[in-house]
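Quick note on the numbering used here: the sequence shown kicks off at 739 and runs consecutively.
What follows is one structure encoded as structure tokens, with my remarks underneath.
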Amino acid sequence: MSLLGTFWGIGVGPGPAGYIPLAAVEALQQADIIYAPRARTSETSVALQCLTGIHIAPERIREIEFNMDPDRSVLSEHYAQLAETIAVDLRSGLNVAYLTIGDSLTYSTYGYILAALREYLPGLPQRTFPGITSYAAAASAMGWPLGVGKERTLILPCPEDTAALRQDIESHDIVVLMKIGARLPWVLALLCDMGIAEHCAFARRIGLAEEMLADDVSDLCATEAMGYLATLLIRKTPRERRHSRQAILPDALRVNANLLQENLS
């Protein structure tokens, strides 16, 4: 019986090249086959774009087309078929890498693939490499803290109705909203209605063509902003402005210097 190959799950970041961990690059160099997902509506794989600058022989790459069908049974069947295909490669002793946008285990298709493979191949040699999430990249791009002090942050896919989202916002300090899609118009309307749009931020296709960044969504046009790879950062109240000790230290030093001069005179 041949030994199983190793399976690697690799988070390549939200889109820009260079966000992939160095340890994951080493795994890619050892992989015999690299699976790269591509949305059915897209001509190119965003995951592969993230590898720009890393030399990989084209014959090692297998693009797989995804159609994010709302029917969970259809999706489950799709993941099962893909896992079965990957299992054949692993049983042949081949090392396989699976690319995923953002982080490997944060609302990622990779989680389904890994679960299915573990059923097919108990004891599978496997390692998952984390990746930079879209909301972490968005926060960095706009200097937008995702949590300060004891603020409570909720990360979730967009709910289906305004009442549910309003409740989520009211019960947390910050809400990170993913998988927004066509819901964006009513989401923006809700933020304006709650009077918090001016301290919410929006990011789409970070570091890629047609990138859009806005640290105030009051005037954001939903029809222009809608699209794949979009994230909203929602803050319930304006960020508290805090003065650091370093900021007040010069004044304190001046006071002490004046007192010292008075004592010496």
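Ideal Cβ placement from N, Cα and C applies to all residues, glycine included.
Model, not experiment: these values are computed from the prediction.
- If one requires a minimum length of 4 residues, the alpha helix (DSSP H) runs lying completely within the segment 763-789 are 784-787, in chain order.
- Contact annotation: Leu-859 and Ala-825 have beta-carbon atoms nearer than 8 Å.
- Exposed is the label assigned to Ser-830, since fewer than 16 other Cβ atoms lie within 10 Å of its Cβ.
- Within the segment 934-974, the complete alpha helix (DSSP H) runs of at least 4 residues fall at 960-963.
- For Ala-795, the secondary structure class from DSSP, reduced to helix, strand or coil, is coil.
- Residue Ile-771 holds the alpha-carbon nearest to the alpha-carbon of Pro-796 among Leu-892, Leu-884 and Ile-771.
- Taking a C-beta distance under 8 Å as the contact criterion, Leu-971 and Ala-939 qualify as a contact pair.
- The alpha-carbon separation between Asp-906 and Thr-844 amounts to approximately 19 Å.
- As computed with DSSP, Met-880 is found in no beta bridge at all.
- DSSP, reduced to helix, strand and coil, places Leu-852 within a helical segment of the structure shown.
- Collapsing the DSSP output to three states places Glu-889 in coil.
- Classified as exposed, Thr-961 has fewer than 16 neighbouring CB atoms from the shown chains inside 10 Å of its CB.
- Between the C-alpha atoms of Arg-865 and Ile-799 there is a straight-line separation of about 19 Å.
- Cβ contact annotation for Val-913 (same chain, cutoff 6 Å, sequence separation greater than five): Leu-892, Asp-906, Ile-907 and Ile-972, in chain order.
- When the beta-carbon positions are compared, Arg-943 and Met-932 stay at least 8 Å from each other.
- Taking 8 Å as the upper bound for CB-CB distance, Leu-766 and Ile-792 are in contact here, some 7 Å apart.
- Our two residues, Tyr-966 and Lys-974, have alpha carbons roughly 25 Å apart in a direct line.
- When the alpha-carbon of Tyr-773 is set against those of Gly-885, Glu-803, Pro-897 and Thr-900, the nearest one is in Glu-803.
- Judged by beta-carbon spacing, Pro-883 lies beyond the 8 Å limit of Ala-876, meaning their Cβ atoms are not closer than that value.
- Spatial neighbours of Leu-741 in its own chain (CB-CB distance under 7 Å, excluding positions within 5 residues in sequence) are listed in chain order as Gly-831.
- By a beta-carbon distance limit of 8 Å, Ala-769 contacts Asn-833. Their separation comes to about 5 Å.
- Tyr-836 sits in a strand when the DSSP states are folded into three classes.
- Here DSSP, grouped into helix, strand and coil, assigns Gly-751 to strand.
- Pairing Pro-868 with Asp-899 gives a Cβ-Cβ distance that is not under 8 Å.
- One thing to note: Trp-746 has its Cβ within 8 Å of the Cβ of Ala-835.
- In the three-state reduction of the DSSP assignment, Arg-800 falls in the strand class.
- Thr-866 sits in a strand when the DSSP states are folded into three classes.
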